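**Q** Just so you know, we're using the numbering used here here: the sequence shown kicks off at 1 and counts up by one.
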Amino acid sequence: MLNDVTPKNRQLTNFVKPYEIFSTPYYKLDFSEITKTFCESRNCKADSTSSLRVCKVIIVGDVSVGKTSIVNRFCRKMFDTSYKATIGVDFEMERFSILGIPYNLQIWDTAGQERFRSIAQSYYRNSHVFIAVVIIVFDLSKPDTLLNTRKWFFDAMNTCGDMLPYVFVVGTKKDLLGGFAYKTAELNAVNVAKSLNAEYWPVSSKNGENIDLLFARIAALTFDDCIKNEKARSRPITISNDIVSFKGRKGVYNSKCVNC
1 MLNDVTPKNR QLTNFVKPYE IFSTPYYKLD FSEITKTFCE SRNCKADSTS SLRVCKVIIV
61 GDVSVGKTSI VNRFCRKMFD TSYKATIGVD FEMERFSILG IPYNLQIWDT AGQERFRSIA
121 QSYYRNSHVF IAVVIIVFDL SKPDTLLNTR KWFFDAMNTC GDMLPYVFVV GTKKDLLGGF
181 AYKTAELNAV NVAKSLNAEY WPVSSKNGEN IDLLFARIAA LTFDDCIKNE KARSRPITIS
241 NDIVSFKGRK GVYNSKCVNC
């Protein structure tokens, strides 16, 4: 359920940086001037439709890599050692306040079993109606799950069609590795993420490391796009120097021809 009260750690006034600058293809490090100006305006803060601004986040990956643990840690601040496989898809809605504006992450936790794969694909197909993110999860302690991120990536891209989502490759169970083993796993993960044009994050659902930052990063990136898209849709469209065809979403037509 969506909570009307936004926790302090979800109230973002500054842009959230990537885990490492070398581990992302998304080089945006601050909100655009368009977004800043729009969010400072009284009209934006009073806009009742702002609560409907949504990013759809689809979490995919092999079975047992920790997809549900990520969601539970972020949404419920809990970690459960008794693993129960997701059947089909689980859904959560989580609220942020970004530059004073309500913004929602719609999180879809999909099953990793092959027999549920077609169900996960159906959620990609409807993602064109939102700003969308695909999180591909693997287990840092199991190299084969990293190799399978390519399969999940191409599943998403083939189903999304013309819509290009943000893509994150997320390594779980960071707390299980250390020293050389972790450095090797991270190097391999960064290389795979780069080959997929995705942003890499290592996390631990057990101790919560990087979980909140990951979702805050997703919220900041997509919110900026959401506001810029909103502004673009409401901009007057000029056909020529003499004619302005329409303005805004209501499709009001205004014409002016100086030569008529």
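Even for Gly, the Cβ is constructed at its ideal location relative to N, Cα and C. On a predicted model such as this, the values are computed, not experimentally measured, just so you know.
#1: Relative to the alpha-carbon of Asp30, which residue among Lys231, Ile218, Glu230, Arg233 has its alpha-carbon at the smallest distance?
#2: Taking the C-alpha atoms as reference points, what is the distance between Lys173 and Ile21?
#3: Assign Tyr166 to buried or exposed, taking buried as 16 or more other Cβ atoms, counted over all protein chains shown, within 10 Å of its Cβ.
#4: When the Cα atoms are used, what is the spatial distance from Gly100 to Asp80?
#5: On the DSSP bridge list, what partners appear for Arg95?
#6: With DSSP collapsed to three states, give me the class of Tyr182.
#7: Taking C-alpha atoms, which residue in Met157, Leu105, Phe223, Ala232 lies nearest to Asn197?
#8: Alpha carbon to alpha carbon, what distance is there between Ile58 and Ile135?
#9: Under 8 Å Cβ to Cβ from Thr24, same chain only, skipping five residues before and after it: list those, please.
#10: Let's see if you can read the secondary structure: which residues bound the beta strand (DSSP E) around Glu199?
#11: Could you give the first and the last residue of the continuous beta strand (DSSP E) run that contains Ile59?
#12: Would a C-beta distance cut-off of 8 Å place Phe138 and Gly171 closer than the cut-off?
#13: Less than 8 Å separating the beta-carbons of Ser290 and Leu177?
#14: Would you grab the beta carbon distance between Asp109 and Val71 for me? Rounded to a whole angstrom, and I think it's under 8 Å.
#15: Taking DSSP as the reference, what is the three-state secondary structure of Thr149?
#16: Of the residues Tyr27, Arg76, Asp212, Lys28, which one's Cα is nearest the Cα of Gln11?
#17: Where does Glu40 land, buried or exposed, given buried means 16+ other C-beta within 10 angstroms?
#18: Is DSSP giving Asn191 helix, strand or coil here?
#19: For Phe223 and Glu230, what's the separation of their Cα atoms in angstroms?
#20: What number of angstroms, rounded off, separates the C-alpha of Ser64 from the C-alpha of Phe180?
#21: So, for Glu92: in the same chain, excluding its five sequence neighbours on each side, which residues have a beta-carbon less than 7 Å away from its beta-carbon?
#22: Is DSSP giving Leu12 helix, strand or coil here?
#23: Is it buried or exposed for Pro202, if we count other Cβ within 10 angstroms and need 16 for buried?
#24: Between the Cα of Asp90 and those of Lys77, Lys67, Ile98, Met78, spot the shortest distance and give me the residue it belongs to.
#25: Taking the straight line between their C-alpha atoms, what separation do you get for Ser205 and Phe168?
**A** The short version:
#1: Ile218
#2: 22 Å
#3: buried
#4: 33 Å
#5: Asn104
#6: helix
#7: Met157
#8: 6 Å
#9: Pro18, Glu199, Tyr200
#10: 199-202
#11: 54-61
#12: yes
#13: Given that the chain is displayed from residue 1 to residue 260, the structure contains no residue 290 and the question cannot be resolved.
#14: 5 Å
#15: helix
#16: Asp212
#17: exposed
#18: helix
#19: 10 Å
#20: 24 Å
#21: Val71, Cys75, Ile107
#22: strand
#23: buried
#24: Lys67
#25: 16 Å
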